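Number of protein chains: 2
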Amino acid sequence: MAKKITPRSKDYSRWYTDVIQQAELADYAPVKGCMVVRPYGYALWENIKDGLDRRFKATGHVNAYFPLFIPMSFLQKEAEHVEGFSPELAVVTYGGGKELEEPLVVRPTSETIIGHMYAQWVRSYRDLPILINQWANVVRWEMRTRLFLRTTEFLWQEGHTVHATYEEAQEETLRMLDVYADFAENDAAIPVIKGRKSESEKFAGADTSYSIEAMMGDKRALQAGTSHNLGQNFARAFEIKYLDQNNELQYGWTTSWGVSWRILGAVVMVHGDDQGLVLPPKLAPYQVVIVPIWRSEDEKAQVLEATGRVKAALTDVRVKVDDREEYSPGWKFNEWEMRGVPLRIEIGPRDVAVGQVVLARRDIAGDKSVVPISELARRVPQMLTVIQADMLERARQFQKENTYQPTTYEELKEAVAKGFALAYWCGDPECEAKVKDETKATTRCIPLDQGGVGPGRCAICGKEATERAIFARAY
Amino acid sequence: MAKKITPRSKDYSRWYTDVIQQAELADYAPVKGCMVVRPYGYALWENIKDGLDRRFKATGHVNAYFPLFIPMSFLQKEAEHVEGFSPELAVVTYGGGKELEEPLVVRPTSETIIGHMYAQWVRSYRDLPILINQWANVVRWEMRTRLFLRTTEFLWQEGHTVHATYEEAQEETLRMLDVYADFAENDAAIPVIKGRKSESEKFAGADTSYSIEAMMGDKRALQAGTSHNLGQNFARAFEIKYLDQNNELQYGWTTSWGVSWRILGAVVMVHGDDQGLVLPPKLAPYQVVIVPIWRSEDEKAQVLEATGRVKAALTDVRVKVDDREEYSPGWKFNEWEMRGVPLRIEIGPRDVAVGQVVLARRDIAGDKSVVPISELARRVPQMLTVIQADMLERARQFQKENTYQPTTYEELKEAVAKGFALAYWCGDPECEAKVKDETKATTRCIPLDQGGVGPGRCAICGKEATERAIFARAY
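Chains as they are written, first to last, in the numbering used here: chain A, 115 to 589; chain B, 115 to 589.
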């Protein structure tokens, strides 16, 4: 079965779907809007999970698990929350052959049921902070879906914390935003802009939402993680109260933050090319693929022996040996390029004779080098580090080149047609709505780092503005 | 809040719930039959997952993820399967505010939807075997629930494989049964009996089901894992076909196998005592708790300095230091005993002065030894290994002592009232039903290891019997 990937320039969206299906990351499920994550995609997701989970634990968080089903009445306790999520709910009305007295919602997010439990667990200031994360599936009924980016069911992590003060909750909210940015840049090689969401774009029930925003290969934005300061909204709705040091009852302050498998879609779109996936070494299921090349049985024995030695030397590297007989070396080169393996090692009989191999980088087409076998244990990890850094740098450069700083509405319209617009915005929702209506671009976030510039004039209405926002068309 | 655990002798079932709630493994959820796994319980579950996942990968399996929702029509494709699961289904009838045309079932197990996908992925014998596992939540509407053992929603893993021949499928079925037994005995310190399920107890849709059965502290049985040879039942229902080496179309042979968080309940019941949990070192979230003891500030500084050194020396051990000021050493001893930490290290000022600490084993009441600090890095891992082995051996002894070999129906009735009965059974479902009706004991399994005995007489009807079965009351 010959595999063909639509070129990005021809149809970016088709390219994305082709890459995901042909690299066997995922497949469409026979349930509307749902997806199957295939083993290669799941191995990538496992590495993403590990990278995040390690960071959560290093910042004092623990994992737990809360129920899939939430009584409908729970959602109704927080007015904005239920309004935001009602249109997206999947509802269980029958259980064990009987109609349920109260319908159960399949969790779209878990602030409500976790809030209910926290109200029982928190008694005194000594119980705070509560710093819990869960890895779970959630369901949001989506009209238009796209593999990984927007699916009815998706896998994610959701952190839910309770603090004694506003300040601590705010500190946590920003800490987790930093954790997400650190993961995105250092593990996924995706440069991100950390910022505050506008009122219209914030999470239903939050006081303030923050996000990390990344630029995809087609210059559109993708929100890759969010962190919310929920104020006392859920604490009041669910009665999360604690006795403070003066023995007075206080409401807690809560946060929530989440990253889903959509970040896997971002990895595809930020780094991929017309040959397929390009995976950052830290996340790649296989960091190195070894393709042994032989014609005769004699050659085969020699080459496979050398292959075994090379694999054994690469102790801390995730190595795949592709010694299948039914495919040619050329076919294998294409296959593993399409699957984005960062480094390929080619070993042929002449290489074995002189004790060397050919190393080919996936991220730079045609970049091949010849390395003595005795050097591989040192050189391969080095090259993986270089590839990881280069991928981040290239993505950073791409984002920079395609970010504009329009000062007039005309310039802004031009900018969002071809990339990100970093523009002064007065904060008026009407200006935001106008841009959205006329260009389909939305405010992605108001960057925390404003670049040291002072106040200016709103690029839309010309009124005074204290901050700049990122406007872009988004996934 | 003083914690009290009901003694096992008074009310075993209450003891079990007390231990789980007070050790903060889990809590009841506000949704009927559902449960919240708290951080300490989840850390235990993570270790269980790791132990199993490592073994799955070592036997060539990979992970993937399939959808939560299954079209109702899929379940109906396999007649026995739908009959078995229909009474337990949770059904989504509304999505995105609209009534669905076809109701969606929340997966009770995933043979059907995975079978549907496999039918698309399998083309030729070269694609076989498919060896996929998924970690997921499933839902079965249960009338009477019990924490971890029987909950409406539960976490588990389900392996689903496709093979070219019956023999390979059977080999896989038994391989995974061995993997489960290996995990149960070596990580969970739970001795298990591997065996075949009777026709009436097998999985709905399987040709043959196998299980591992363990004896709990109240001498009842618990099925801790199952492995099914599904024959061609699901391959035919979902059209999983492949071209064989002769280019002829053949149906595949499938297996499925699963372990859920119920095995965590088994860990509680096999090892726990009236003080609470006793956790096997390989699974314990904390293998060692260090309790520093001081009265004056001077002593505190010395003791905490030594505590730091001890913790630093125990590099490959999961160590918790409990240096909280608001609790007394005695309170902490009780707390961590209740939570089942295998080893406690006590460090007081006199210990520091002479360079030693006190080590207390959780599994043997009153077992304390004095060990030089300089020896700890060697002795602690040793003791953990000893504890792990001793726990398995004690559980094995307990199982042996409470397993009887009745030859008459009267003896069998007596045996199942006080433990396991290993008895000849002719295989007639009527004999099985009679035992169940009159004693509530069921056939747990027909052990693969029959102990080298020949044929005998059915303990129930006296007819000829070729095999012995385990009869017991079960969870």
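Yeah, the Cβ is synthetic: ideal placement off N, Cα and C, and Gly gets one too.
Because the structure is a prediction, the values reported are computed rather than measured.
* Going by beta carbon distance, what residues of the same chain come within less than 8 Å of MET231/A, once the five residues before and after it are set aside? -> As a working note, residue 231/A is residue 117 in the first sequence. The answer, listed in chain order, is PHE180.
* Asked: For the 8 Å Cβ check, are there 3 or more pairs between the segment 236-256 of chain A and the segment 264-277 of chain A?
  -> yes
* So what's THR235/A in DSSP terms, helix, strand or just coil? -> What you label residue 235/A is simply residue 121 of the first sequence in a count that begins at 1. Contrary to the premise, residue 235/A reads as Trp rather than Thr in this sequence. Correct three-state label for TRP235/A: helix.
* Can you check the segment 266-351 of chain A for any beta strand (DSSP E) of at least 3 residues that lies completely inside it and give the ranges in chain order? => 267-277, 307-310, 322-329, 335-343
* Asked: Could you check where the beta strand (DSSP E) with ALA140/A kicks off and where it finishes?
  -> For the purposes of this step, residue 140/A is taken as residue 26 along the first sequence, with counting starting at 1. From DSSP, the beta strand (DSSP E) with ALA140/A extends over 140-142.
* To do: Compare the C-alpha of GLU419/B against each of ASP167/B, VAL220/B, PRO406/B and name the closest.
  => On the second sequence, position 305 is the one that residue 419/B refers to. Ranking ASP167/B, VAL220/B, PRO406/B by Cα distance to GLU419/B puts PRO406/B first.
* To do: Alpha carbon to alpha carbon, how far is TRP375/A from TRP445/A? Give it in angstroms, no decimals.
  => Locating residue 445/A in the first sequence gives position 331, where the first residue counts as 1. Locating residue 375/A in the first sequence gives position 261, where the first residue counts as 1. Rounded to whole angstroms, TRP445/A to TRP375/A spans 30 Å at the Cα level.
* Asked: Relative to the C-alpha of ILE184/A, which residue among GLY174/A, VAL176/A, VAL196/A, ALA178/A is closest?
  -> Within the first sequence, residue 184/A is the residue found at index 70, counting from 1. Per the Cα distances, VAL196/A.
* To do: Report yes if the C-beta distance between GLN502/A and LYS425/A is below 8 Å; otherwise report no.
  => Residue 502/A sits at position 388 when you count from the first residue of the first sequence. Residue 425/A sits at position 311 when you count from the first residue of the first sequence. Not in contact: GLN502/A and LYS425/A (Cβ atoms no closer than 8 Å).
* Asked: If you compare alpha carbons, which of PHE199/B, LEU189/B, THR266/B, LEU562/B is closest to GLY229/B?
  -> Taking the first residue of the second sequence as position 1, residue 229/B is located at position 115. The option with the nearest alpha carbon to GLY229/B is LEU189/B.
* Note down, in chain order, each residue of its chain lying with its Cβ closer than 6 Å to the Cβ of LYS527/B, except the 5 sequence neighbours on either side. => Counting from one through the second sequence, the residue named residue 527/B turns up at place 413. Within the same chain, LYS527/B has close Cβ partners THR553.
* To do: Would you kindly work out how many angstroms separate the C-alpha atoms of ARG571/B and GLN564/B, rounded to a whole number?
  => As a first step, residue 571/B is located in the second sequence; it is residue number 457 there, counting from the start. As a first step, residue 564/B is located in the second sequence; it is residue number 450 there, counting from the start. Whole-angstrom Cα-Cα distance: 14 Å.
* Asked: When burial is assigned at 16 or more other CB atoms within 10 Å of the CB, is ALA531/A buried or exposed?
  -> Against the first sequence, residue 531/A aligns to sequence position 417. So ALA531/A ends up on the exposed side.
* **C-alpha distance - LYS577/B paired with PHE297/B, whole-angstrom precision** => Along the second sequence, one-based indexing puts residue 577/B at 463. Along the second sequence, one-based indexing puts residue 297/B at 183. LYS577/B and PHE297/B: Cα-Cα distance of roughly 38 Å.
* Examine the Cβ distances between the segment 450-468 of chain A and the segment 484-500 of chain A and report whether three or more of them are shorter than 8 Å. => yes
* Answer yes if the segment 367-386 of chain A comes into contact with the segment 335-345 of chain A, meaning at least three C-beta pairs across the two stretches below 8 Å, and no otherwise. => yes
* Residue closest to GLU315/B, alpha-carbon to alpha-carbon, out of TYR324/B, LEU263/B, GLU281/B -> On the second sequence, position 201 is the one that residue 315/B refers to. Comparing Cα-Cα distances from GLU315/B to each of TYR324/B, LEU263/B, GLU281/B, the minimum goes to TYR324/B.
* What three-state label does DSSP hand GLN389/A in the structure shown? -> Within the first sequence, residue 389/A is the residue found at index 275, counting from 1. Three-state DSSP puts GLN389/A in coil, outside helix and strand.
* To do: Kindly give me the distance between the Cβ atoms of MET383/B and MET330/B, rounded to whole angstroms, as I take these residues to be in contact under 8 Å.
  => Start at 1 with the first residue of the second sequence, and residue 383/B comes out as number 269. Start at 1 with the first residue of the second sequence, and residue 330/B comes out as number 216. With a Cβ gap of about 4 Å, MET383/B and MET330/B count as contacting.
* Go through its chain and collect everything with a Cβ distance to ARG289/A's Cβ below 8 Å, but skip five positions before and after it. => For the purposes of this step, residue 289/A is taken as residue 175 along the first sequence, with counting starting at 1. Taken in chain order, the residues that qualify are THR173.
* Taking only runs that begin and end inside the segment 535-586 of chain A, name each unbroken beta strand (DSSP E) of 3 or more residues, in chain order. => 556-561, 581-586
* Using the C-alpha atoms, what's the distance from ILE584/B back to GLY541/B? -> Residue 541/B sits at position 427 when you count from the first residue of the second sequence. Residue 584/B sits at position 470 when you count from the first residue of the second sequence. Taking the straight line from one Cα to the other gives about 12 Å.
* To do: Please compile the residues from chain B whose C-beta is within a distance smaller than 8 Å of the C-beta of GLU267/A.
  => In the first sequence, residue 267/A corresponds to position 153, counting from 1. PRO181, LEU182, PHE183, listed in chain order.
* Beta-carbon proximity list for ARG510/B, same chain, < 6 Å, skipping 5 on both sides -> On the second sequence, position 396 is the one that residue 510/B refers to. Contacts found: PRO305.
* Ends of the beta strand (DSSP E) at THR131/A? -> Position 17 of the first sequence, counting from 1, holds the residue named residue 131/A. Segment 126-136 is the alpha helix (DSSP H) holding THR131/A; no beta strand (DSSP E) there.
* Asked: What's the call for TYR154/A, buried or exposed, on a 16-neighbour Cβ count within 10 Å?
  -> Reading the first sequence from its first residue, position 40 is the one you call residue 154/A. Under this definition TYR154/A is a buried residue.
* Asked: Going by Cα to Cα distance, which pick from ALA529/A, ALA586/A, CYS575/A, GLU439/A is closest to THR556/A?
  -> Numbered from 1 along the first sequence, position 442 holds the residue referred to as residue 556/A. Among ALA529/A, ALA586/A, CYS575/A, GLU439/A, the Cα nearest to that of THR556/A belongs to ALA586/A.
* Cβ of HIS277/A within 8 Å of any chain B Cβ -> Translated into the one-based positions of the first sequence, residue 277/A becomes position 163. Closer than 8 Å: no.
* Sequence ranges, alpha helix (DSSP H) only - wholly within the segment 356-436 of chain A, length at least 4 -> 376-385, 411-427
* Asked: In chain B, which residues lie with their C-beta within 8 Å of the C-beta of ILE246/A?
  -> For the purposes of this step, residue 246/A is taken as residue 132 along the first sequence, with counting starting at 1. Within 8 Å Cβ-Cβ: PRO153.
* Counting only beta-carbon atoms, is ASN251/A nearer than 8 Å to chain B? -> Here residue 251/A corresponds to residue number 137 of the first sequence, with the count starting at 1. It does: the Cβ of ASN251/A has a partner Cβ on chain B nearer than 8 Å.
* To do: Evaluate SER127/B with the Cβ neighbour count: other Cβ atoms within 10 Å of its Cβ, from every protein chain shown; 16 or more gives buried, anything less gives exposed.
  => Working through the second sequence from its first residue, we reach residue 127/B at position 13. Exposed, by the Cβ-count rule.
* Taking the alpha carbon of ASN361/B as the point to measure from, which residue in ARG152/B, ARG237/B, LYS414/B has its own alpha carbon closest? -> As a first step, residue 361/B must be located in the second sequence, where it is residue number 247. Ranking ARG152/B, ARG237/B, LYS414/B by Cα distance to ASN361/B puts ARG237/B first.
* Element boundaries [beta strand (DSSP E), containing PHE183/A] -> Counting from one through the first sequence, the residue named residue 183/A turns up at place 69. Segment 183-185, the beta strand (DSSP E) holding PHE183/A.
* Asked: Leaving out five residues before and five after ALA335/B in sequence, what residues of the same chain have Cβ atoms less than 8 Å from its Cβ?
  -> Counting from 1 along the second sequence, the entry for residue 335/B is found at position 221. Excluding sequence neighbours, ALA335/B sits near GLU327, ALA328, MET329, PHE534, ARG558, ILE584, ALA586, ARG587, ALA588, TYR589.
* For the putative contact between ALA318/B and TRP255/B, defined by C-beta atoms under 8 Å, what is the C-beta separation to the nearest angstrom? -> To locate residue 318/B, count along the second sequence from 1; it is residue 204. To locate residue 255/B, count along the second sequence from 1; it is residue 141. About 15 Å separates the two Cβ atoms, so there is no contact after all.
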